[in-house]
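Asker:
Protein chains: 2
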Amino acid sequence: MNSPSTEKLDIQKVATSRIGEVDFNNLTFGNTFTDHMFECDYKNGVWQKPTIKPYGPLTISPAAKVFHYGQAVFEGMKAFKDDDNRVWLFRPEENFKRINKSSVRMAIPEFPKDIFFEALTTIVKMDKDWIQPGLGNSLYIRPFVIATQVGVSASPSSEYKFMILMSPAQAYYTGDVRVEIAEHYSRSANGGVGAAKAAGNYGAQFFPTNLAREKGFQQVIWTDANEHKLLEEAGTMNVFFRVNNTLLTAPVSDRILDGVTRKSVLALAERDNLTIEVRPVLVSEIVEAARNGSLKEIFGAGTAAVISPVSAFSYKGTVYELEKQEDGFAKRFKKELMDIQYNRSDDPFGWRFEVA
Amino acid sequence: MNSPSTEKLDIQKVATSRIGEVDFNNLTFGNTFTDHMFECDYKNGVWQKPTIKPYGPLTISPAAKVFHYGQAVFEGMKAFKDDDNRVWLFRPEENFKRINKSSVRMAIPEFPKDIFFEALTTIVKMDKDWIQPGLGNSLYIRPFVIATQVGVSASPSSEYKFMILMSPAQAYYTGDVRVEIAEHYSRSANGGVGAAKAAGNYGAQFFPTNLAREKGFQQVIWTDANEHKLLEEAGTMNVFFRVNNTLLTAPVSDRILDGVTRKSVLALAERDNLTIEVRPVLVSEIVEAARNGSLKEIFGAGTAAVISPVSAFSYKGTVYELEKQEDGFAKRFKKELMDIQYNRSDDPFGWRFEVA
Ligand SMILES: Cc1ncc(COP(=O)(O)O)c(C=O)c1O
Ligand SMILES: Cc1ncc(COP(=O)(O)O)c(C=O)c1O
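Residue numbers (the numbering used here), protein chains in the order written: chain P, 947 to 1302; chain A, 947 to 1302.
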């Protein structure tokens, strides 16, 4: 299915950029889009002409399958500008592989690697003025695929649209993240689609997350649907625990997304000779560690916020506050990752990918 | 949230009907749409002016949340024409309640009952020529809601679109349905969204269903995600088992959709004094019943096909063929249900709802 591109990338530039209208100091995450977007349709069994064109609305049938059956997957990645105005992506190959893995699980045809990279590098270059220099600023890149065939019968679409949108982002300060450990609701099942970045996984979390918010917790840490005994991941972040000096995180599975940030944190931790345990993490052991003072840190790891330290968690009605760590693992990994992303340190793992 | 309508229904009729172009003897399910559609937007916390207008494409941002987070729910119901050209719905109140129940789980605002019924009856009346008389012909009605706010950050939309599309349908002959019992993949989890008609639940089934199809099974019967020991439901049908003369079906739960057809079959079975057991149904007992000859029937129950007899099931590599029942429960319930739907019998339960 991963057929090579036969058609040349078609480019339609905007007549006038909208960049002058944007207040880069007051960006809401994911709300402002750059001048261009990428679009490529799938029909008759092949991906058609790939096109970069002015960002704008779609014309689509209300009977398109994406609206009815949630046959849709996406990715989230970022471009960074260094002090010499060079533009970098971070491990884009991982996102490429993951969107195709998600697509397979959602019965969507895989996208060709050559078109993906040509589209990605071309559009990032075209809109590179939208990337502000400075640590924390970035361009959030959203590749996604939606099922476009008309038909209200529950079967896979024969037509799709692959798109890339881009949105300038500021340093994403999440503030104090307080989390609730899930005791009733759940995010994914064995044999389900939790490991895919399938659109429906996210909408399904909004209601239980709203309930947590009403109680003062910004995020839910999901547990296994079966017994709610294992700590799995948060809405859009994998989760790490530091007990004394050991770094703990759950293994990825068909319930847990294989996060690029998670993978990178583990690689850094290994390089730095930290003690790492990638194994099922019990709610009970973390509660116990919080009680006896050995739980030093909890943090989320994901593209949007890089690393988000958690300041407290709630479980069965009890709130466990974590002591603030001035020089904790969270801070250290965030710095190490961002130094690589913004070309401020060497790149021993070959994670940086220069675009322009 | 279920705010009453304040605005009058706005009606824009088509200039010329497309009905003449339709071959009613060669309809593919869910592919042909009537002249009109219903649309009502939600913004600033209220449902806006409800509108019936010509069926046609939407103009929507590629950054609309429905594409990225699958925040979308739907319903499926039918209108029937009797021999006097009177038009009937079947238990529409149930679909209304269920779409709002689905919406709550997906953090979508509920839709007002008065607008729902006014829209539904008005649009069905307007397009009633699209309903062919004759047993088996119907108009499939698809209410749905999609998240339309622009934004690629994973949080509930502040804007939505509620729509109704309608598609003429012929007697839905499913042929011999052969099913595979799920042993690895799963459809829903405890605490998940399985009980909601959430769009993403359907896309998630396409891949495992494709795998079953390649082996010659049209449908999968899902089992509990945890141990794959309990028989739950099929893709768009609840499932019944007849062991000797006992009718068995799983109780609804947060994993299983509360089907209107299922509910109606149970009511008919009770009225007819059949022995009914609504309780968790073990895969092992059905396999055993198939082996010892006490398993007489398996059938699916859902709006699209009403009742679909299953002719064989596969479990752990063994295929169990069921003997064809000329006068089985499946046939009897199908006739009883359709007689009520098409106004060919009395309606002791008050299930019919006259539209025109
Ligand atoms: C469910 C889920 N877990 C974890 C992550 C973190 O993955 P990554 O580090 O690749 O952004 C994401 C977001 O991307 C996610 O959606
Ligand atoms: C998952 C699922 N189960 C069961 C059903 C049957 O429900 P109903 O009888 O209300 O159509 C449907 C379809 O509507 C469904 O989508």
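Cβ atoms here follow ideal geometry from the backbone N, Cα and C, with glycine treated the same way.
Per DSSP, R1188(A) is paired with what?
Answerer: L1193(A) and E1243(A).
Asker: Secondary structure at P1000(A), three-state DSSP: helix, strand or coil?
Answerer: The answer is strand: DSSP assigns P1000(A) an E or B state.
Asker: Cβ of H1014(P) less than 8 Å from any chain A Cβ?
Answerer: Yes, its Cβ sits closer than 8 Å to a Cβ of chain A.
Asker: May I ask you to check if the CB of N1046(A) is nearer than 7 Å to at least one heavy atom of ligand 2?
Answerer: Not under cutoff, so the answer is no.
Asker: Leaving out the 5 sequence neighbours to the left and right, which residues in its chain are closer than 6 Å to K1074(P) when beta-carbon positions are compared?
Answerer: So the qualifying residues of the chain are V1033 and A1302.
Asker: Kindly examine ligand 2 and report whether one of its heavy atoms sits closer than 7 Å to the Cβ of R1298(A).
Answerer: Outside the cutoff, so no.
Asker: Give the range of the alpha helix (DSSP H) segment to which F1279(P) is assigned.
Answerer: From DSSP, the alpha helix (DSSP H) with F1279(P) extends over F1275 to Q1287.
Asker: Is there at least one non-hydrogen atom of ligand 1 closer than 7 Å to the beta-carbon of V1206(P)?
Answerer: Indeed, a heavy atom of ligand 1 lies less than 7 Å from the Cβ.
Asker: Let's test the definition: count the other Cβ atoms within 10 Å of the Cβ of V1185(P) and tell me whether it reaches 16, buried, or not, exposed.
Answerer: When all chains shown are included, V1185(P) counts as buried.
Asker: Would you say the beta carbon of M1183(P) comes nearer than 7 Å to a heavy atom of ligand 1?
Answerer: The answer is yes for M1183(P).
Asker: Given that a residue counts as buried once 16 or more other Cβ atoms are within 10 Å of its Cβ, and exposed if not, what is H1014(P)?
Answerer: Its Cβ being crowded by 16 or more others within 10 Å, H1014(P) is buried.
Asker: Within the same chain, show all residues whose beta-carbon is closer than 7 Å to that of I1232(A), passing over the 5 residues directly before and after it, in chain order.
Answerer: Closer than 7 Å at Cβ, skipping near neighbours: L1177, F1187 and L1241.
Asker: Counting only beta-carbon atoms, is G1320(P) nearer than 8 Å to chain A?
Answerer: Any answer about residue 1320(P) is impossible in this case: the structure gives chain P only from 947 up to 1302.
Asker: Please name the residue in E1021(A), A1065(A), R1051(A) and W993(A) whose C-alpha comes closest to that of Y1148(P).
Answerer: Out of E1021(A), A1065(A), R1051(A) and W993(A), R1051(A) has the C-alpha closest to the C-alpha of Y1148(P).
Asker: Identify whether H1174(A) lies in helix, strand or coil by the three-state DSSP scheme.
Answerer: Three-state result, H1174(A): coil.
Asker: Under 8 Å Cβ to Cβ from T1207(A), same chain only, skipping five residues before and after it: list those, please.
Answerer: Cβ neighbours of T1207(A) beyond the five flanking positions: M1183, N1184, A1247, G1248, T1249, V1252, I1253 and L1283.
Asker: Which stretch, first to last residue, makes up the beta strand (DSSP E) that contains S1113(A)?
Answerer: Unbroken beta strand (DSSP E) run through S1113(A): Y1106 to A1115.
Asker: For D956(A) versus P996(A), is the C-beta distance shorter than 8 Å?
Answerer: Yes; because the gap between Cβ atoms is below 8 Å, this pair is in contact.
Asker: Looking only at its own chain, which residues have a Cβ that is under 7 Å from the Cβ of S1103(P), when we skip the five neighbours before and after it?
Answerer: Once the five neighbours on either side are set aside, the close Cβ partners of S1103(P) are K1011, Q1017, A1093, T1094 and Q1095.
Asker: Counting C-beta neighbours from all protein chains within 10 Å, is the total for P1038(A) 16 or more, i.e. buried, or is it exposed?
Answerer: By the 10 Å Cβ count, P1038(A) comes out buried.
Asker: To the nearest angstrom, how far is the alpha carbon of N1317(A) from that of A1117(A)?
Answerer: With chain A covering only 947 through 1302, there is no way to say anything about residue 1317(A).
Asker: Expressed to the nearest angstrom, what Euclidean distance is found between the alpha-carbon atoms of L1193(A) and G1140(A)?
Answerer: Cα-Cα distance, rounded: 23 Å.
Asker: Use the C-beta contact count for A1235(P): other C-beta atoms within 10 angstroms, 16 or more gives buried, fewer gives exposed.
Answerer: Buried.
Asker: Hey, would you say Y1131(P) sits closer than 8 Å to G1137(A), going by beta carbons?
Answerer: Cβ atoms of Y1131(P) and G1137(A): closer than 8 Å.
Asker: Compute the Euclidean distance between the alpha carbons of N1156(P) and A1213(P), then round it to the nearest angstrom.
Answerer: If you take the alpha carbons of N1156(P) and A1213(P), they lie about 34 Å apart.
Asker: Nearest CA to the CA of Y1261(P): which residue from A1276(P), R1278(P) and K1161(P)?
Answerer: Residue K1161(P) is the option with its Cα nearest to Y1261(P).
Asker: May I ask you to list the residues that DSSP assigns as paired with V1224(A)?
Answerer: Answer is T1195(A), bridged to V1224(A).
Asker: Measure the C-alpha to C-alpha separation of Y1266(A) and F1259(A) and round it to an integer number of angstroms.
Answerer: Each residue's Cα considered, the two are about 5 Å apart.
Asker: With 8 Å as the threshold, decide whether the Cβ of A1145(A) is near any Cβ in chain P.
Answerer: Taking Cβ atoms only, chain P reaches closer than 8 Å to A1145(A), which makes this a yes.
Asker: I want to verify the contact list: residues of chain P whose CB lies under 8 Å from the CB of I1092(A), in sequence order.
Answerer: Here the neighbours are F1013.
Asker: When the Cα atoms are used, what is the spatial distance from M947(P) to C986(P)?
Answerer: Low confidence applies here, because M947(P) scores a pLDDT of 44, under 50, leaving its location unreliable; read the following figure in that light. Computed Cα separation, rounded: 15 Å.
Asker: Here's the rule I'm using: 16 or more other beta-carbon atoms within 10 Å means buried, otherwise exposed. How should R1088(A) be labelled?
Answerer: That one is buried.
Asker: Start and end of the alpha helix (DSSP H) containing L1212(P)?
Answerer: Start and end: V1206 to R1217.
Asker: Is the beta carbon of L1035(A) less than 8 Å from the beta carbon of F1299(A)?
Answerer: Yes, the pair counts as a contact, with Cβ atoms nearer than the cut-off.
Asker: Just checking: is the beta-carbon of P1008(A) within a distance shorter than 8 Å of some beta-carbon in chain P?
Answerer: It does: the Cβ of P1008(A) has a partner Cβ on chain P nearer than 8 Å.
Asker: Please list, in chain order, the chain A residues whose beta carbon lies closer than 7 Å to that of L1111(P).
Answerer: P1008, A1009 and V1098, listed in chain order.
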